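Numbering (our numbering), first residue to last: 14 to 242.
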């Protein structure tokens, strides 16, 4: 664990990207961080490390994340994974906050490279997972089913629906039933479109001038290339 944290503090977003993709893939096989206590803690750890590597916040953030993890796991243990609300709510808030912080870091980087690409992908996955958590919260506290079919929304279906919406695929096999749900789904689709457009534009701009020097004249190590004299 210490080795993982040390690597992530050095902004090894390539490692965290692999873990994030694995979480999404495993959710398709019923191993979802939205319903598994162990997976939930792991996802909170990932999000916390992303924030720390991006902004170096005070240690109290880790205490808040630890408290959130304990509350989420207790909620799953007491209310059962099928009825848990605290866990998904925590992931919604922290996931969106982490995605915003990481995106800000990418936009402020003077140069683009593999780290920027991996960080952008991590933020994109966090957005999808955060909205999946939000859909679960709405389904469980809204008084009526989130899906138009009337079926209870499972964590696996929430992840699938969220990423289908985020990427604007819109298969139509799952649809929200109420106006409030449709508004949130529309916002996620818009977020997906704007994020990709902004991230791609920023990365292209960063790669367009690889010979530029960062402030102070030190060569850039981003992407493995040195800056110009």
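Heads up, the beta-carbon is just placed ideally off N, CA and C, and yes, glycines get one too. In this text the structure is predicted, and so the values were computed from the model without any measurement.
*Verify whether the separation of the beta carbon atoms of residue 175 and residue 160 is less than 9 Å.*
Their beta carbons are not under 9 Å apart, which means residue 175 does not touch residue 160 by this criterion.
*Which value, in whole angstroms, describes the spacing of the CA atoms of residue 178 and residue 188?*
When rounded, the distance between both Cα atoms is 10 Å.
*Consult DSSP for residue 187 and reduce its assignment to one of helix, strand or coil.*
Shown here, residue 187 sits in coil according to DSSP, grouped into three states, outside any helix or strand.
_When 108, 217, 124 and 204 are compared against residue 33, the one with the closest alpha-carbon_ = In terms of Cα proximity to residue 33, the closest of 108, 217, 124 and 204 is 108.
*Got a sec? Which residues, its chain only, sit under 7 Å from residue 228 by beta carbon, not counting five neighbours each side?*
For residue 228, the predicted structure reports a pLDDT of 47, less than 50, and the residue's modelled location is therefore unreliable. A value from the coordinates is still provided. Contacts found: none.
*Cα separation between residue 86 and residue 96?*
Taking the straight line joining both Cα atoms gives about 12 Å.
_Nearest-angstrom Cβ-Cβ length linking residue 98 and residue 150, presumed shorter than 8 Å_ = Distance from residue 98 to residue 150 at the Cβ level is roughly 6 Å; contact confirmed, criterion being Cβ atoms closer than 8 Å.
_Local Cβ density within 10 Å of residue 152, reported as buried at 16 or more and exposed below that_ = So residue 152 ends up on the buried side.
*Measure the beta-carbon distance from residue 102 to residue 143 and round it to whole angstroms, keeping in mind my assumption that it falls under 8 Å.*
Not quite, the Cβ-Cβ distance comes to about 11 Å (not below 8 Å), so this is no contact.
*State the DSSP-derived secondary structure class of residue 160, mapped to helix, strand or coil.*
Reduced to three states, the DSSP call for residue 160 is strand.
*Answer yes or no: do residue 210 and residue 183 have a C-beta to C-beta separation smaller than 9 Å?*
Not closer than 9 Å, so no.
_residue 40 versus 181, 114, 141 and 125, residue with shortest Cα-Cα distance_ = It is 141 whose Cα lies nearest to the Cα of residue 40.
*How about residue 131 and residue 208: do their beta carbons lie closer than 9 Å?*
When the beta-carbon positions are compared, residue 131 and residue 208 stay at least 9 Å from each other.
*So is residue 29 buried or exposed if we call it buried at 16+ other beta carbons inside 10 Å?*
Residue 29 is buried by the Cβ-count criterion.
*Which value, in whole angstroms, describes the spacing of the CA atoms of residue 135 and residue 124?*
Taking the CA atoms as reference points, residue 135 sits about 18 Å from residue 124.
*Excluding five sequence neighbours on each side, which residues of the same chain lie with their C-beta closer than 7 Å to the C-beta of residue 31?*
Answer for residue 31: no residue qualifies.
*Could you spell out the range, first to last residue, of the alpha helix (DSSP H) harbouring residue 182?*
First-last for residue 182: undefined, no H or E at that position.
_Assigned secondary structure, residue 26 (DSSP; H/G/I helix, E/B strand, else coil)_ = Looking at residue 26 - three-state DSSP - the assignment turns out to be helix.
_Cβ shell of residue 148 (< 7 Å), same chain only, five flanking positions each side left out_ = Counting only Cβ-Cβ distances below 7 Å, and skipping sequence neighbours, we find 159, 166, 171, 174 and 175.
*Among the residues of its own chain, which have a CB less than 8 Å from the CB of residue 180, if the five just before and after it don't count?*
If we look at residue 180 and ignore the five residues flanking it on each side, its Cβ neighbours are 205.
*beta-carbon residue 175 near the ligand PLP non-hydrogen atom, thresh 8 Å*: Looking at this structure, you won't find the ligand PLP or any other ligand, since it has none at all.
*State the start and end residues of the unbroken alpha helix (DSSP H) segment that holds residue 200.*
For residue 200, the enclosing alpha helix (DSSP H) begins and ends at 192-221.
*Note down the Cα distance separating residue 80 from residue 118, rounded to an integer number of angstroms.*
A straight line joining the alpha-carbon of residue 80 with that of residue 118 spans about 26 Å.
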